[in-house]
Amino acid sequence: MSENGLRTGVVSTRKITFGIVAGEASGDILGAGLIRSLRARYPAARFVGIGGEEMVAEGFHSLVPMERLSVMGLVEVLGRIRELFDIRARLFEYFFATPPDVVIGIDSPDFTLTVERRCREAGIPTVHYVSPSVWAWRQKRIFKIAKSVDLMLTLFPFEARFYEEHQVPVAFVGHPLADRIPMIPETGKARRELGLDENAPLLAVLPGSRAGEIERLGTLFLEAARWIQERRPDVQLVIPCVNRERELQVRALVDALEVKLPVTIVRGQSREVMAASNVVLLASGTATLEAMLLKKPMVVGYRLSNLSYKLLSRLVKIPHVALPNLLACKELVPELLQDDATPERLGAAVLERLENDNEVQRLISAFTELHQALRQDADEKAAEAISGLLERR
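Heads up: take any position in the sequence shown, counting from 1, add 135, and you land on our numbering.
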């Protein structure tokens with residue numbers, strides 16, 4: 136560290152070429168931060184591969200638009216499989232004709248790990264940034280990963296321990312969200328910006344960002360919210376929706392309820408809504424990490440089809456699904472899954488966290504400790520680990 140507290144890093148005049156492949160918006164954000172930190176170490180560096188607008192704004196050259204890789208769902212992938220193969224072939228042709236000094240795949244493991252493996256076989260060092268959930272299910276994928284990467288960069292410490300146990304080179308770099316979200320949430324400011332009552336208790340309801348999740352969980356969460364309002368009419372209900380389509384879907388579910396439910400629906404701004412809340416009712420996923428970093432008590436609910444749940448129950452190797460519980464290695468927040476996810480149980484768990492100040496303070500303390508553990512300056516630590524790999528070679 137330098138005297139002013141900034142990480143000094145390694146400054147080199149080498150004309151390093153970084154091949155980077157990101158397949159979705161979250162990877163584009165990670166890639167942009169990584170490029171900034173790598174350029175501080177290698178001012179003459181060149182960055183090429185596949186990335187989005189955030190990376191391009193940092194001087195990245197994308198061979199194809201990143202949106203062509205942003206495909207979700209089995210049917211959608213099958214419909215675009217030929218194009219995806221063509222993109223991958225074009226990427227190989229470019230990387231093998233003008234080999235970069237290192238290839239970095241960011242998330243999107245179904246696409247990027249294959250790219251990494253082929254590049255590594257061709258003698259190009261490879262890095263994967265954001266571990267697949269190999270520690271949770273389909274653990275035999277670790278053998279494919281070991282053949283594909285010279286270095287794995289993980290966002291969570293428990294992931295790094297898993298790779299160490301399997302002798303895969305790894306560096307825990309922390310989570311970028313932990314760097315960006317302040318340690319003390321600005322609840323009052325968030326309420327003012329959203330035009331919400333600053334004094335009434337507020338429940339943020341997040342049934343998911345995808346149509347299928349909202350179809351499965353939307354009515355369940357709304358019925359839980361109604362159960363709560365019957366007992367606490369003073370509670371404000373706010374639902375953030377990722378876009379217009381999801382907003383229309385949620386409004387249709389609200390209109391279909393037998394009893395009118397007063398609820399504020401906000402387009403976007405899910406983090407601001409959580410920051411404004413007293414408690415969050417949400418589906419399992421990255422939102423649980425955001426709620427934890429915002430120091431918000433939460434109740435996690437999730438349902439799948441019975442067949443999917445039975446299959447996953449046999450495959451999943453972890454005791455918890457919510458990230459705060461995984462990070463703490465114990466249950467900090469309630470997880471009500473499948474048959475346990477009823478309006479009454481979800482509602483009762485929310486009310487307990489609305490009315491138990493001692494429990495709230497205990498959670499805030501635990502969440503603060505976890506936030507500090509994840510706040511590692513991820514962009515810098517990732518660049519530092521990649522620089523170490525390059526310099527060793």
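Just so it is clear, CB atoms sit at the ideal spot from N, CA and C, and this is done for glycine as well.
Computed from a predicted structure; not experimentally measured.
Beta-carbon proximity of residue i to residue j, cut-off 9 Å
{"i": "valine 265", "j": "leucine 290", "result": "yes"}
{"i": "proline 397", "j": "isoleucine 374", "result": "no"}
{"i": "isoleucine 277", "j": "valine 303", "result": "yes"}
{"i": "valine 485", "j": "valine 414", "result": "yes"}
{"i": "isoleucine 164", "j": "phenylalanine 153", "result": "no"}
{"i": "threonine 503", "j": "leucine 458", "result": "no"}
{"i": "valine 389", "j": "leucine 338", "result": "no"}
{"i": "proline 319", "j": "lysine 431", "result": "First, the residue type needs correcting, since residue 319 is isoleucine and not proline in the sequence shown. No, the pair does not count as a contact, with Cβ atoms beyond the cut-off."}
{"i": "leucine 439", "j": "glutamine 473", "result": "yes"}
{"i": "glycine 186", "j": "glycine 166", "result": "yes"}
{"i": "lysine 279", "j": "arginine 252", "result": "yes"}
{"i": "isoleucine 259", "j": "valine 284", "result": "no"}
{"i": "alanine 520", "j": "leucine 288", "result": "yes"}
{"i": "leucine 329", "j": "valine 408", "result": "yes"}
{"i": "leucine 489", "j": "alanine 411", "result": "no"}
{"i": "isoleucine 400", "j": "arginine 379", "result": "no"}
{"i": "leucine 204", "j": "leucine 219", "result": "yes"}
{"i": "tyrosine 177", "j": "serine 500", "result": "no"}
{"i": "methionine 427", "j": "leucine 462", "result": "yes"}
{"i": "alanine 257", "j": "phenylalanine 230", "result": "yes"}
{"i": "alanine 179", "j": "lysine 150", "result": "yes"}
{"i": "isoleucine 155", "j": "glycine 240", "result": "yes"}
{"i": "histidine 310", "j": "leucine 509", "result": "yes"}
Burial state of residue i, where buried means 16 or more other Cβ atoms lie within 10 Å
{"i": "histidine 196", "result": "exposed"}
{"i": "valine 146", "result": "exposed"}
{"i": "proline 317", "result": "exposed"}
{"i": "threonine 261", "result": "buried"}
{"i": "aspartate 514", "result": "buried"}
{"i": "glycine 482", "result": "buried"}
{"i": "valine 210", "result": "Reliability fails at valine 210, whose pLDDT of 43 lies under 50, so the model's placement of it is uncertain and no value is given."}
{"i": "phenylalanine 356", "result": "buried"}
{"i": "glutamate 425", "result": "buried"}
{"i": "glutamine 496", "result": "exposed"}
{"i": "glycine 353", "result": "buried"}
{"i": "cysteine 464", "result": "exposed"}
{"i": "leucine 525", "result": "buried"}
{"i": "asparagine 460", "result": "buried"}
{"i": "glutamate 470", "result": "buried"}
{"i": "serine 268", "result": "exposed"}
{"i": "arginine 327", "result": "exposed"}
{"i": "aspartate 242", "result": "buried"}
{"i": "alanine 232", "result": "exposed"}
{"i": "isoleucine 222", "result": "buried"}
{"i": "valine 394", "result": "exposed"}
{"i": "methionine 207", "result": "Only weak support exists for where methionine 207 lies, its pLDDT of 45 falling under 50; the value from the coordinates is given anyway. Under this definition methionine 207 is an exposed residue."}
{"i": "glutamate 358", "result": "buried"}
{"i": "arginine 381", "result": "buried"}
{"i": "leucine 505", "result": "buried"}
{"i": "threonine 247", "result": "buried"}
{"i": "proline 368", "result": "exposed"}
Endpoints, the beta strand (DSSP E) within which residue i is located
{"i": "histidine 263", "result": "261-264"}
{"i": "methionine 433", "result": "433-437"}
Host alpha helix (DSSP H) of residue i (start-end)
{"i": "arginine 181", "result": "Counting along the chain, arginine 181 falls outside any alpha helix (DSSP H), though it belongs to the beta strand (DSSP E) covering 181-185."}
{"i": "valine 485", "result": "478-490"}
{"i": "glutamate 408", "result": "Per the sequence presented here, residue 408 reads as valine, with glutamate not at that position. Run containing valine 408: 405-411, per the alpha helix (DSSP H) assignment."}
{"i": "arginine 221", "result": "Reading the sequence as shown, one finds aspartate at residue 221 and not arginine. First-last of the alpha helix (DSSP H) with aspartate 221: 216-232."}
{"i": "glutamate 328", "result": "322-329"}
{"i": "lysine 275", "result": "Segment: none, lysine 275 is in no alpha helix (DSSP H) and carries neither H nor E."}
{"i": "serine 522", "result": "513-527"}
{"i": "proline 459", "result": "458-463"}
{"i": "glutamate 202", "result": "Careful: glutamate 202 lies outside any alpha helix (DSSP H) and carries neither H nor E."}
{"i": "alanine 426", "result": "421-428"}
One or two residues paired with residue i in a DSSP bridge
{"i": "glycine 240", "result": "Val156, His263"}
{"i": "threonine 289", "result": "Phe307"}
{"i": "leucine 471", "result": "Gly436"}
{"i": "leucine 416", "result": "Val340, Val434"}
Taking the runs of the beta strand (DSSP E) that are 3 residues or longer, which of them lie wholly in the stretch 335-402?
List check, beta strand (DSSP E) in window: 337-341, 371-376, 399-402.
Those runs of the alpha helix (DSSP H) which lie wholly inside the stretch 149-197 and span at least 4 residues
If we require 4 residues or more, the alpha helix (DSSP H) runs fully inside the stretch 149-197 come out as 160-176, 188-191.
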